[in-house]
Amino acid sequence: MNEHIEKNIITCPSCGMSWRTSKDLAGKMVVCGKCRFKFTAPLPTDKSTTGTPHTKQNEMNPKQDSFLLVGNLAVKLGYITTDQLKKALDLQREKKEQGMDSMLGEIFIEKGFMTQDQLDFVLSLQEMRQIRSLDRKFGEMVIDQGLASKEIIEEGLNTQKEIFFQEKRITLLGDILVEQGIITGVQREDLLRRQNRIRDEGEDKGEAPYDLGREAEAPPEGLQITVSEDKMTAFLKVTTPEASSVSVDKVKQLLASEGICHGVIPDQDIARYIEQTPRPTDPLEIAVGTKPTQGQDGQIKYYFNTDPLKIGTVRKGGVIDFRDRGRLPQVKKGTLLARRVPGLPGEPGRDVFGKEVPPPKPKEAKIKSGKGVEKSEDGNKAHAGRDGAPMLSADGKIYVLSRLEIPGDVGLETGHVDFDGDIDIKGAVQDGFWVRGGRLSASEILRADVSASGDVVVAGGIIGATVRSDGSLKARYIHDARIHVLGDVVVEKEVIDSDIMTNGAFMIQEGKVFNSRISAKKGIQAFQIGSAKSKPCRLVVGIDEEAAARIENLKRMKESKKKRQKKWQAAIKKLKAVSNNILKEVTELAYIADRGPLEQKQLQKEMESAKSAGDENRTAILKDKIAELGKRINTAEARTNVLMDQQGKVDAKISDLEQQIERLESEKLALAQDIEEIYEWSQSTGGTAEVKVKETIFSHTIVKGPRCSIKLKENLDRLIIAEKQVQEPETQKTIWKMVISPLK
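Just add 49 to wherever you are in the sequence shown, counting from 1, and you've got this note's numbering.
Shown next as structure tokens:
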């Protein structure tokens, strides 16, 4: 734009970014060059320099001058005084009368009222406040839809505030909730769209909004250039009916004025398009950017067999060999177990404006270590912290485990078992007992509670028990049990009256499932599901319910620790008040103890003088005063001893509580790390919304996937039920549907 064109300041009502632009845009549709928010530029008569968001009813219409808000905020922070703000406003009005528009921030810097760093912080804080206001409404919408509780939203807002003050960057609440696994990316986009914070595709197909992020000349008559949102594709549309009014030169001039210089198609292709009669209705893809190339994600290289046993692998014919256990590898302390291989960056691309488009950052792998493993300071290597058997859990955590053999049952003779290593139980885990360990093998598990960081292998059955495993689970049969597993679940004969959740696959290729609920992220394979007499089964596939349940449980634990912290912090506050009162009283008593002997000496001298003068009355009075002062000194010393003893106990209690709070903080950080690791691992492993049945699946069985479900109306044989995208014959719309096809 030419310098003589009058300028105006427009502020985006979404992100608070200010733009200096032509006054000709007043009342017109514009789009923020920073956050891409669409709004109407204010008219010159508007008191506000903040635009009106583009909504159907223009719901948002800020009335406050955004620059005055900056000034008021600077006063509150103590960066400037009220008098300095008034002087700056007066100077701003004077400049405006002279035809010059100046922002308050510029005047603050010019007059030396503030430093640039202070102004930058105030501007970012103002932007943060505006985002927080919108995000609070966003949070209310999340709560209204039943996606999260009020407490979770408040925690998310607190996280947003911590990130801002610690890292000096603004993170949207929606992004935080997606990262924590509270809502999905699709749900976030839908809620932001309903807040008019992002545009719907195809919205406002009339006049294109002016992009405040770059200047643009008016296009030649009859030609229209549009650029995709990612600036990687430009399109040409010819609107004039006369062929003679458009030329290749005019098109190239338009491209140059728009700044489009990369990936432009050859002149002959442009000429072929503009010379068509009648005019084509579809636009021409006139320029295409060069996409950046994908790099290589980081990896973890393991120096031990990560699946040495392969117990329960379904072999040819569907037979599971539960007796062939293989041999566990052994390592010595200090052995290298794993090394992080960094990702390789891709090559940058270029958009149609010739600007470099950075390649997506490669995902960096992280070594996750459990008990018996030591990581290097830089986190790039993992070594054995002790002698034992190395193990990789289903969620990618490395352990080094020692081994415990129990020749009989876990029962009254052994008591509960809590062992930091592999546990090999030759007998059964009896009713009412619990076992905690690494990998675990047993002949049976009977109404017990078992939790393992590795695989669980049961030669017989699991009856009435609760079993949790970070590895895979293999058993001959499962009755009336609750199973929560991160790896695969493999069963030989049958599953009855049970609830099974796995992040892997559920396989019972030669067995049957009756009256059970099975949730398997990577699909279900079975010989028979249901029967004519049993209650119908409910199958969930392609959904990571197990990881979601674990994350929710970890969040509850974290919240519980947070509440205990607050309780103890309140107790410390009360104890410190007691300590302050003790200190105050000790200070007063110390004055008596220090000054008392001096006063006694003075009184003693006065008494000697009175005695020498023969003043018996005064001598008696001074003698009584000396005695009284002695009592006060003795009382003060005794009281001081009592108070100092109390002070010691209070200080010890405060110290103990502070240590407890510090311990809880460490535990909270560990839980947060666990949540992050489970979430990242869950996101990195794809789901399979598929059920394969070798023989029969009975009517009334429900199969649910991430996007749709089906309830079978009849018995079906040898089939695959899979969630797929299909096109409706009548409407031609693409929908998700459970598709039934024969098993080959």
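We treat Cβ as the ideally placed atom computed from N, Cα and C, and that holds for glycine.
- Sequence-distant Cβ neighbours of VAL775 in its own chain, meaning closer than 6 Å and more than five residues away, are LYS786.
- The C-beta separation of LYS743 from ARG767 comes to about 7 Å, placing the pair in contact by the 8 Å criterion.
- Two segments are said to touch when three or more pairs of C-beta atoms, one from each, lie closer than 8 Å; by this definition the region 282-290 touches the region 325-341.
- Between the alpha carbons of LYS625 and ILE631 lies a gap of roughly 10 Å.
- At least 8 Å separates the beta-carbon of THR342 from that of GLU405.
- Beyond the five residues adjoining it in sequence on each side, TRP617 comes within less than 7 Å, by CB distance, of LEU706, GLN709 and ILE710 in the same chain, given in chain order.
- For GLY560, there is no enclosing alpha helix (DSSP H); the enclosing beta strand (DSSP E) covers residues 555-563.
- DSSP places PRO778 in the coil class of the three-state scheme, outside both helix and strand.
- A residue is called buried when at least 16 other Cβ atoms come within 10 angstroms of its Cβ; LYS523 meets this threshold and is buried.
- Comparing alpha carbon positions, the residue from ILE494, GLY520, ARG517 and SER490 closest to VAL506 is SER490.
- With contacts defined as CB atoms closer than 8 Å, ASP537 and SER521 qualify as a contacting pair.
- In the three-state reduction of the DSSP assignment, ARG321 falls in the helix class.
- In the DSSP assignment, ASP529 falls outside any alpha helix (DSSP H) and carries neither an H nor an E.
- Of all alpha-carbon atoms in SER198, ASP673 and ASP469, the one lying nearest the alpha-carbon of GLU454 is that of ASP469.
- Three or more pairs of CB atoms, one per stretch, sit closer than 8 Å, so the region 677-692 contacts the region 634-649.
- If you draw a straight line from the Cα of ILE784 to the Cα of GLU777, it is about 7 Å long.
- For the options TRP483, LYS760 and VAL191, the alpha carbon positioned closest to that of HIS465 is the one of TRP483.
- GLY398 is bridged by DSSP to VAL406.
- By the C-beta density criterion, ARG605 is exposed, having fewer than 16 other C-beta atoms within 10 angstroms.
- Looking at the DSSP output, GLU772 bridges to MET787.
- Between LEU535 and ARG488, the CB-CB gap reaches or exceeds 8 Å.
- As the crow flies, the alpha-carbon of SER306 is around 55 Å from that of ALA387.
- When only Cα atoms are considered, GLY735 and MET550 end up about 16 Å apart.
- Here GLY754 carries a coil assignment [DSSP, helix/strand/coil].
- Judged by DSSP in its simplified three-state form, ARG485 adopts strand.
- Between the alpha carbons of ASN602 and ILE472 lies a distance of about 26 Å.
- Counting C-beta atoms within 10 angstroms of its own C-beta, GLN175 has 16 or more neighbours from the protein chains shown and is therefore classed as buried.
- Per the DSSP secondary-structure output, GLY510 pairs in a beta bridge with TYR526.
- Counting of Cβ neighbours within 10 angstroms places ASN690 among the exposed residues, the total staying below 16.
- In the displayed model, ILE549 falls within a strand according to three-state DSSP.
- Within 10 angstroms of the beta-carbon of SER547 lie 16 or more other beta-carbons, which makes it buried.
- Of all alpha-carbon atoms in ASP356, THR326, GLY398 and GLN379, the one lying nearest the alpha-carbon of THR339 is that of GLY398.
- In this structure, DSSP gives GLN574 an extended state, which the three-state scheme calls strand.
- Here GLU739 has GLY572, ILE573, VAL590, GLY591, ILE769, ILE770, ALA771 and GLU772 as same chain residues with Cβ atoms under 8 Å from its own Cβ, once five neighbours each way along the sequence are excluded.
- With contact defined as three or more Cβ pairs closer than 8 Å, the region 171-190 and the region 211-221 are in contact.
- If you draw a straight line from the Cα of ARG328 to the Cα of ALA320, it is about 13 Å long.
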